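*Asks:* Have a look at the structure that comes next, please.
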Amino acid sequence: MTKMEYKDCSILRNIGIPEDRIHKTAVICGNLGRFKVFARYGTKYKEYKKFSSYGAAELEVEGQMILIVCHGVSASSMGPILRELIEMGVKNIIRGGTCGTYKPKIHKAGDIFICYASIRDDTTSISEINVRYPAVADYDVIDALMDSSKELEIQTFVGIDYTSDLFYRRTCKYDHRDLFSDYGLVDTEDLELATLFVVSSLYGAKAGAILTVDGCPREWWSGNYHAGKEVVNEGVDKMARVALKAAAEINKKF
Numbered sequence: 001m002t003k004m005e006y007k008d009c010s011i012l013r014n015i016g017i018p019e020d021r022i023h024k025t026a027v028i029c030g031n032l033g034r035f036k037v038f039a040r041y042g043t044k045y046k047e048y049k050k051f052s053s054y055g056a057a058e059l060e061v062e063g064q065m066i067l068i069v070c071h072g073v074s075a076s077s078m079g080p081i082l083r084e085l086i087e088m089g090v091k092n093i094i095r096g097g098t099c100g101t102y103k104p105k106i107h108k109a110g111d112i113f114i115c116y117a118s119i120r121d122d123t124t125s126i127s128e129i130n131v132r133y134p135a136v137a138d139y140d141v142i143d144a145l146m147d148s149s150k151e152l153e154i155q156t157f158v159g160i161d162y163t164s165d166l167f168y169r170r171t172c173k174y175d176h177r178d179l180f181s182d183y184g185l186v187d188t189e190d191l192e193l194a195t196l197f198v199v200s201s202l203y204g205a206k207a208g209a210i211l212t213v214d215g216c217p218r219e220w221w222s223g224n225y226h227a228g229k230e231v232v233n234e235g236v237d238k239m240a241r242v243a244l245k246a247a248a249e250i251n252k253k254f
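So that you can map any letter, position 55 of the sequence shown is 55 in the UniProt record's numbering, and since no number is skipped, the others follow by simple counting.
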């Protein structure tokens, strides 16, 4: 692997993380507003500069220093920051975010999923390597997330994700994603996981994800989209607690 070179003492210079503040483990998200949620469950919280949709902070959880990084929305937005984090020494990455459900009769807004694999229907991961390469999470991270949810007595579900570059459904013809929903083959949909799993695997980092359901993409038009509502905010709060506890446990071991 070719190492990227950085001059001066500041890396990820757009968001200003000093080189000596790169910790082994990072919790990443796509929404800068999540920082205040994570901050509630740690100490020594400190934010670095925010730039565009990106941002970074650090906090201490159970004696472990953890990075919090906002990667923006979509895999193409996340790709550069993810690669830079790994290049500069981050070894463990947990995405804590939101998703849609493909099984609205079973799962509702506020439910929390630990995702161990994702269908690669994004362009960023395919730019890295052929689609035949699987997008799977690291077992140690998934194990830590599951153990943390049990210890905190927070109910979570385990499932497969579908990563797409398209936020909205197609309206002019049948959307190929609906096949996976029709036959119950996939549990959630997001915009980033396939790239997270593939890039982390290729460049030597452990990765996993925990996502809060905010609705069903196939039913948005009938009102099944609840981002920002209390039921989702409560789910995000629980998700953040599990993600941070798992990050601390992973940081102790790897």
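Glycine included, each C-beta is placed from N, C-alpha and C at the ideal position.
As the structure is a prediction and not an experimental result, all values here were calculated from the model.
(1) Over the uninterrupted beta strand (DSSP E) stretch that includes Ser164, give me the two end residues.
(2) Using 10 angstroms around the beta-carbon of Ser74, count the other beta-carbons present and answer buried if the total reaches 16, otherwise exposed.
(3) In angstroms with no decimal places, state the Cα-to-Cα distance between Pro80 and Val198.
(4) Could you round the C-beta distance between Arg95 and Ile28 to whole angstroms and report it? I think they count as a contact, below 8 Å.
(5) What beta strand (DSSP E) runs, 3 residues minimum, are completely inside the stretch 98 to 131?
(6) Can you tell me where the beta strand (DSSP E) with Leu59 in it begins and where it stops?
(7) Report the option in Ala57, Gly63 and Ser76 whose CA atom is closest to the CA atom of Cys70.
(8) In the DSSP output, what is Glu47 paired with across the bridge?
(9) For Phe167, I'd like the list of residues in its chain whose CB is within less than 7 Å of its CB, leaving aside the five on either flank, ordered along the chain.
(10) By the three-class DSSP mapping on this structure, what secondary structure does Ile94 have?
(11) Within 10 angstroms of the Cβ of Asp214, are there 16 or more other Cβ atoms? Answer buried if so, exposed if not.
(12) Among Glu84, Tyr45, Gln64 and Ser118, which has the Cα closest to the Cα of Tyr54?
(13) Look at the alpha carbon of Tyr102 and the alpha carbon of Lys108, and state the distance between them as a whole number of angstroms.
*Replies:* Based on what the coordinates show:
(1) Phe157 to Ser164
(2) buried
(3) One C-alpha to the other measures close to 13 Å.
(4) 5 Å
(5) DSSP runs (the beta strand (DSSP E)) wholly in the stretch 98 to 131: 112 to 121.
(6) Gly55 to Val61
(7) Ala57
(8) Ala57
(9) Leu191
(10) strand
(11) Answer is buried; the Cβ neighbour count reaches 16.
(12) Glu84
(13) 10 Å
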